[in-house]
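J.: One rule links them: number in the numbering used here = place in the sequence shown (from 1) + 17. One structure follows; several queries about it will come next.
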Amino acid sequence: MKAAMSPVFRLSIGLILLTVSLLLVGDLLGFIPDQKHAEFTARKAIAESLAVQVSSNIAQGHMASVTETIHSLQERSDSILSVGLRTSDGHLISNAGDHLSHWQPADKESSTPSHVQVPIHNQSGRWGALEISFKPLGGNTFGLFNGGSLVTIILFISLSGFVAYWVFLKRALNELDPSAVVPDRVRAALDVLAEGLAMLDNKGRMVFVNEAFESKLGQPAQTLVGKYLSDLEWEPSANKDAGQPLIFPWKLALEGIEAPHSSQLKLKTMLHEHLSFAINVAPIKAPEGNIRGVVVTFDDVTELEHKNNDLERALVRVQQSQREITRQNRELQILATRDPLTGALNRRSLFDGFTTLLGEAADEGASISCIMVDIDHFKSVNDRFGHATGDKVIKLLSRILTETSRTDDLVGRYGGEEFCVVLPGIDEEQTAVIAERMRLAVHEGKIDQFTSAIRFTASFGVSSNLGGSSTPSILVDLADKALYHSKNCGRNRVTRWSQIQHSSTVNPLPEETAKQIPTADSNAESSTDQQLKYRIEELEALIRSQSTHDVASTDEATGLPNRIVLIDRIKQGIVRSRRLNTRLAVLFIDIDTLQVIRNTLGDPAAEKLVKLVAGRLNKTLRSTDTVAIDGATNIGVSVSRVSSGEFVVLLTDMQSEESTTWIIQRMFAAMNEAVHIESTDVFLDVRIGVSM
């Protein structure tokens, strides 16, 4: 069946049909002679010639010769059935063959192709007629093969021509078969390849395809050879833009253009499959350098593409999960560092930030102060209005403390209705002024109040390290003692620890009050109990936070506040800037040189460089002559480290933008000086971005 449907068979059938069609058209146009007409003309000539000879014999009276001539003619001619000589009165005087049975004229006076009648005349007129009965035109039994009819010619050409065409085309196609240029051993080697392969001529037609490519396309090689590879149902790959035209790499190679190393196209096969191929092209060049064709390989990457799509979808889900985890981590970070009721720093984060600021103050020999705040008669508020209203009072106090403090200050909820404010860079006297401002804001209710029936006050205690070393616990303890002194002295007031410490007299307290509330002159045992109480509360807070992430508020390498403290300071700075109608700036500083040092000198040298840069920033921004322009003497400055080589400087309480410009110039001037690291002078590559 395969041989019967081969190209040679189909071409032979086509040529035979074409030849027969040409014969029929030629016959229709009259180019082929009419055989019956020629045969009828020949019969007329025979009849007339015989009639002349018979007339001559009759005229001479040789009747025997007439009879002999008639018999001789009938015997020699296969087409003559009978011959008769009839007189004018209808008598048959001579005949050859069974003339009576064969002669059946349609009309006595006319002739037909099979019954010819020739009149014979003498001197007296018509003597009689010569009658000849012929076989029907084309009625020879063997005329199909020997008669030379059109049907005979068509049958002959059909049979003999098919054989001739078959032999000729087979020989010709063997000479012209493009795949014949590939030797059998090479063909066998290429068929073993797992990837598809096709050889193209210089027109882009396939001259050879291996078995792997046949099986992928679902078509035999006989139907592919001779076709243009570009005529297959190619489609652009999934990662190609829909608006771009489809470019075939083998066409580029045939045009002498270097094709991409690997292209990807999709193909719709006869099996209705959409396959993705990674295509590689190599030109076939003649010795003189002309391109005679190309070799194209097809690597089926359909399964790989499906896996990549699945991987991309999985990656999208992972990214979504990561975003959700990041969001939850932010929430956990807030829960770990913030008080859920007020939004202020919780006790643990407060002490972390306090420790950082206290270390900075110790390094620079600067002051740092602490304010302890407690709501007066808070129990009566809960008893009269309920705990919900009590929570609102606590939130209101947190808001007042945040808005009346400075940007660099830390505001945290110490516990219950107690708050702690850490103020770096100022002494106890300046801190007392700020505490008094806070007390008035609470007492006068200028910021907010619920109803006229709910008014509350707060007592304040202030302590400071006075330029010496100390610990957060000690400063909080001293401020707490000053706070209790404020409560013992009538509440709604600010007390400085130094005043209690240096005062020789203390205001007397009522006997019942003295029994209930410890004073600054309490004995050592009472002070120890109070410190023990703080330690227990700190331990309880630490135990409660074991299930949360350990989020530090300081950078380990530089001791600078990290992103947590920075965000808190920015929030406070925005509130303060709106309230005081001042300007706030955030400076983002990137040190590109750090990565170079890390790659060349190692991590220890990079961390050393970070510390030196942080120290230079602090020294530059906090020196006495840093801000020396009009309207900039009260600018607040805060430095934080947010990543490996990135720092953020927060500037608050500015009256004009020129202050920022001047400070940036000072920072660039300080950073232009070389830094000595590992016996090497390193010059910093600094970039600064500003947001006002």
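Using N, Cα and C, we set each Cβ at its ideal position, and we do this for glycine too. Quick caveat, the model's predicted, so the values are computed rather than measured.
Is the CB-CB distance between K396 and L358 below 8 Å?
T.: By one-based count along the sequence shown, residue 396 stands at place 379. By one-based count along the sequence shown, residue 358 stands at place 341. No, they are not a contact pair.
J.: Given a cut-off of 8 Å, decide if W514 and G478 are closer than it, judged by their beta-carbon atoms.
T.: What you label residue 478 is simply residue 461 of the sequence shown in a count that begins at 1. What you label residue 514 is simply residue 497 of the sequence shown in a count that begins at 1. The answer is yes: Cβ separation under 8 Å.
J.: Give every residue of the same chain whose Cβ lies closer than 8 Å to the Cβ of V83, excluding the five residues on either side of it in the sequence, and list them in chain order.
T.: Start at 1 with the first residue of the sequence shown, and residue 83 comes out as number 66. Shown here for V83: same chain residues with a beta carbon closer than 8 Å to its own, the five before and five after excluded, namely V71, N74, I75, L102 and S111 in chain order.
J.: Which of helix, strand or coil does DSSP assign to W120?
T.: Looking up residue 120 in the sequence shown gives position 103. It is coil, neither helix nor strand.
J.: Could you say which of R143, V603, L374 and Y245 lies nearest to V17 if we only look at CA atoms?
T.: The question about residue 17 has no answer here: the residues shown for the chain are numbered 18 through 709.
J.: Spell out the partners DSSP gives Y501 in its beta bridges.
T.: What you label residue 501 is simply residue 484 of the sequence shown in a count that begins at 1. Y501 is not bridged to any residue.
J.: Measuring alpha carbon to alpha carbon, tell me which of L217, E56, E85 and P153 ends up nearest L98.
T.: Here residue 98 refers to the residue found at position 81 when the sequence shown is read from its first residue. Looking at the Cα atoms, P153 is the closest of the given residues.
J.: Determine the burial state of V311: buried for a count of at least 16 other Cβ atoms within 10 Å of its Cβ, exposed for fewer.
T.: Position 294 of the sequence shown holds residue 311. So V311 ends up on the buried side.
J.: Along the chain, which unbroken stretches of the alpha helix (DSSP H) at least 4 residues long are found entirely within the region 350 to 435?
T.: Taking only runs of at least 4 residues, the alpha helix (DSSP H) segments lying wholly in the region 350 to 435 are 364 to 381, 395 to 402 and 404 to 421.
J.: Helix, strand or coil for M216, going by three-state DSSP, please let me know.
T.: Numbered from its first residue, the sequence shown carries residue 216 at position 199. Here M216 sits in strand by DSSP.
J.: Tell me where the alpha helix (DSSP H) around S673 begins and ends.
T.: The sequence position of residue 673 within the sequence shown is 656, counting from 1. Where S673 is concerned, there is no enclosing alpha helix (DSSP H), given that its DSSP letter is neither H nor E.
J.: For a quick check, are the C-beta atoms of T354 and Q589 less than 8 Å apart?
T.: Position 337 of the sequence shown holds residue 354. Position 572 of the sequence shown holds residue 589. Cβ atoms of T354 and Q589: not closer than 8 Å.
J.: Please classify A691: does DSSP put it in a helix, a strand, or coil?
T.: Locating residue 691 in the sequence shown gives position 674, where the first residue counts as 1. Correct three-state label for A691: coil.
J.: Give the DSSP-derived three-state secondary structure of R595 in the structure shown.
T.: Against the sequence shown, residue 595 aligns to sequence position 578. Residue state, collapsed to three classes: helix.
J.: Looking at L210 and A229, is the spacing between their C-beta atoms short of 8 Å?
T.: As a working mapping, residue 229 is identified with position 212 in the sequence shown. As a working mapping, residue 210 is identified with position 193 in the sequence shown. It is a contact, given that the beta carbons lie within the stated cut-off.
J.: Which residue wins for smallest C-alpha separation from A602, given the options T677, V592, G619 and T610?
T.: Taking the first residue of the sequence shown as 1, we reach residue 602 at position 585. If we check each option's Cα against that of A602, T677 comes out closest.
J.: Where does the unbroken beta strand (DSSP E) through A146 begin, and where does it stop?
T.: Indexing the sequence shown from 1 puts residue 146 at position 129. G142 to F151 is the extent of the beta strand (DSSP E) around A146.
J.: Applying the 10 Å Cβ sphere with the 16-neighbour rule, what's the burial state of R552?
T.: As a first step, residue 552 must be located in the sequence shown, where it is residue number 535. For R552, the predicted model reports a pLDDT of 46, less than 50, meaning its position is unreliable; a value from the coordinates is still stated below. R552 comes out exposed.
J.: Ignore the nearest five residues each way along the sequence and tell me which others in E434's own chain have a CB closer than 7 Å to its CB.
T.: As a working note, residue 434 is residue 417 in the sequence shown. Taken in chain order, the residues that qualify are D391, I392, F395 and I411.
J.: Using only the alpha-carbon positions, how far apart do N635 and L374 sit?
T.: What you label residue 635 is simply residue 618 of the sequence shown in a count that begins at 1. What you label residue 374 is simply residue 357 of the sequence shown in a count that begins at 1. Distance between the alpha carbons of N635 and L374 is about 12 Å.
J.: Name the DSSP bridge partner or partners of K285?
T.: Looking up residue 285 in the sequence shown gives position 268. DSSP, once it has assigned bridges, lists H291 as partnering K285.
J.: What three-state label does DSSP hand T512 in the structure shown?
T.: Translated into the one-based positions of the sequence shown, residue 512 becomes position 495. T512 falls in the strand class under three-state DSSP.
J.: Based on the DSSP output, what are the partners of W251 in its beta bridges?
T.: In the sequence shown, counting from the first residue as 1, residue 251 sits at position 234. W251 is bridged to L284.
J.: For D316 and P621, I'd like the C-alpha separation in whole angstroms.
T.: Counting from one through the sequence shown, the residue named residue 316 turns up at place 299. Counting from one through the sequence shown, the residue named residue 621 turns up at place 604. D316 and P621: Cα-Cα distance of roughly 50 Å.
J.: From the DSSP output, which residues share a beta bridge with K61?
T.: Position 44 of the sequence shown holds residue 61. In DSSP, K61 forms no bridge with anything.
J.: Look at the Cβ atom of P441, then the Cβ atom of A378, and state whether they are nearer than 8 Å.
T.: Translated into positions along the sequence shown, residue 441 becomes position 424. Translated into positions along the sequence shown, residue 378 becomes position 361. Yes, Cβ-Cβ distance for P441 and A378 is below 8 Å.
J.: So T286 and G235 are in contact, right, with Cβ under 8 Å, and what is the actual spacing, rounded?
T.: The residue given as residue 286 occupies position 269 in the sequence shown. The residue given as residue 235 occupies position 218 in the sequence shown. Confirmed, Cβ separation roughly 5 Å.
J.: Let's see if you can read the secondary structure: which residues bound the alpha helix (DSSP H) around F315?
T.: Position 298 of the sequence shown holds residue 315. First-last for F315: I308 to D317, but that is the beta strand (DSSP E), not the alpha helix (DSSP H).
J.: Going straight from the alpha carbon of D208 to that of P253, what length do you get?
T.: Taking the first residue of the sequence shown as 1, we reach residue 208 at position 191. Taking the first residue of the sequence shown as 1, we reach residue 253 at position 236. Cα-Cα distance, rounded: 27 Å.
J.: Taking 6 Å as the limit between beta carbons, can you name the residues of its chain near N139, skipping five residues before and five after?
T.: Start at 1 with the first residue of the sequence shown, and residue 139 comes out as number 122. For N139, where only same-chain residues beyond five positions count, there are no Cβ hits under 6 Å.
J.: Taking the C-alpha atoms as reference points, what is the distance between H79 and E56?
T.: On the sequence shown, residue 79 is found 62 positions in, with the first residue counted as 1. On the sequence shown, residue 56 is found 39 positions in, with the first residue counted as 1. Rounded to whole angstroms, H79 to E56 spans 31 Å at the Cα level.
J.: Which residue or residues does DSSP assign as beta-bridge partners of V83?
T.: Position 66 of the sequence shown holds residue 83. According to DSSP, V83 bridges with nothing at all.
J.: Quick check: T474 and I388, are their CB atoms within less than 8 Å of each other?
T.: In the sequence shown, residue 474 corresponds to position 457, counting from 1. In the sequence shown, residue 388 corresponds to position 371, counting from 1. Contact: no.
J.: Ordered along the chain, which non-local residues of its own chain (more than five positions away) have a Cβ less than 7 Å from that of W120?
T.: For the purposes of this step, residue 120 is taken as the residue at position 103 of the sequence shown. Only S99, G101, H132, E148 and S150 meet the Cβ criterion.
J.: Verify whether the separation of the beta carbon atoms of S293 and K268 is less than 8 Å.
T.: The residue given as residue 293 occupies position 276 in the sequence shown. The residue given as residue 268 occupies position 251 in the sequence shown. Not in contact: S293 and K268 (Cβ atoms no closer than 8 Å).
J.: What separation, rounded to the nearest whole angstrom, lies between the Cα atoms of V168 and V226?
T.: Start at 1 with the first residue of the sequence shown, and residue 168 comes out as number 151. Start at 1 with the first residue of the sequence shown, and residue 226 comes out as number 209. Straight-line Cα distance between these residues: approximately 45 Å.
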